[in-house]
Structure formats: structure tokens, C-alpha cells
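One structure is given here, and the rest of the page talks about it.
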Amino acid sequence: MPVVKTPSTQKTPAVAKPKPVVKKGKAVMAKTEPVKVLIPVNPERKKPSSKRKRLSKAFSRPLDKTLRHEHVVRDRISFPEVEYDQLVELKKNLTDQGMVVKKSQLVRAGLLLLSELTDDELKTLLEKVPAVS
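Letter by letter, the sequence shown follows residues 503 to 635 of the working numbering.
What follows is the structure, given as C-alpha cells:
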């Protein structure tokens, strides 16, 4: 009677293992080829959790989008000591009134006021300001 091999009795091909390579008295493992990982072209998207669905109904904007902030530019400016003291005094007065402000906010507020002036008013004002070297 002929012997028929079933799939369980068939030998599976052996995986090639790296063989040690001897170089100048030292055994070094041979390099194997990197394993290729298959990545699907269109990966399945995960469904949002029920909590996320509830939050998205509560807020008008999508939760995945972040609010765009204006890019902040850092710069160094120089003040005469008297004008710097005025800036600190303004900040202290506002803090005493319960409004916490930063010195940069005060400078930016002054810039807003300057931008509302006409060209002639701005020129006369700048003539009064001494130049800092």
C-alpha cells in the first residue's frame, strides 16, 4: 500500500539562519537580508470613540483641527532708563487695579495707539522722542 503524506507529516522548509563567519580568530555572525514589511495602500481608519463623538457634538469646530496662532517674532529693543521706569510704573499701576499685564502688552497697546494717528500727528510726536544710540 502506498504511503500518502498528509499536510501534518510533510516537512516545512527550514528558515535560513545566519552562519558564523570566522575572521582573524573571531566569530562574527553573517548579515541577513532585512525583512520586508508590507504596508497596506489604504489603511483602515479607526472609528472615533463614543466620548469623542459626544465632544464633537458639543463643540462647533472639529476637534482634529488646531487653532492657528499668529507667529510671534522676538526682538530686542533699547529704552532710556527713564522710559523703562515709566513702563514698569504703568505695569505696577495696572496690577494694583487688578489687571495683570506684561510689558510687551503695554508696548503693543502703544503701537495700536500710534497706528491710529494721522501722518502729521505721528511726525510731530516722533520729533519729541529723542533718538537712542
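Heads up, the beta-carbon is just placed ideally off N, CA and C, and yes, glycines get one too.
For this session: Following the continuous alpha helix (DSSP H) through residue 610, name the residue where it begins and the one where it ends.
Result: 605-617
Exercise. Taking the Cβ atom as the reference point for each residue, do residue 589 and residue 608 lie within a distance shorter than 9 Å?
Worked result: yes
Exercise. Alpha carbon to alpha carbon, what distance is there between residue 536 and residue 574?
Worked result: 45 Å
Exercise. What does a CB cutoff of less than 8 Å around residue 627 pick up in its chain, not counting 5 residues either side in sequence?
Worked result: 616 and 619
For this session: Could you pull out every residue in the same chain whose Cβ sits closer than 7 Å to the Cβ of residue 622, ignoring the five residues on either side in sequence?
Result: none
Exercise. How many angstroms separate the CA atom of residue 596 from the CA atom of residue 602?
Worked result: 7 Å
For this session: Specify, as a first and last residue, the run of the alpha helix (DSSP H) that residue 588 falls within.
Result: 583-598
Exercise. What's the C-alpha gap between residue 600 and residue 579?
Worked result: 28 Å
Problem set entry | Candidates 610, 624, 583 and 591, of which the one nearest residue 577 by Cα | 610
Problem set entry | Host alpha helix (DSSP H) of residue 630 (start-end) | 621-630
Problem set entry | Residue nearest to residue 631 in terms of C-alpha spacing, selected from 582, 538, 572 and 539 | 582
Problem set entry | Span separating the alpha-carbon of residue 591 from that of residue 633 | 22 Å
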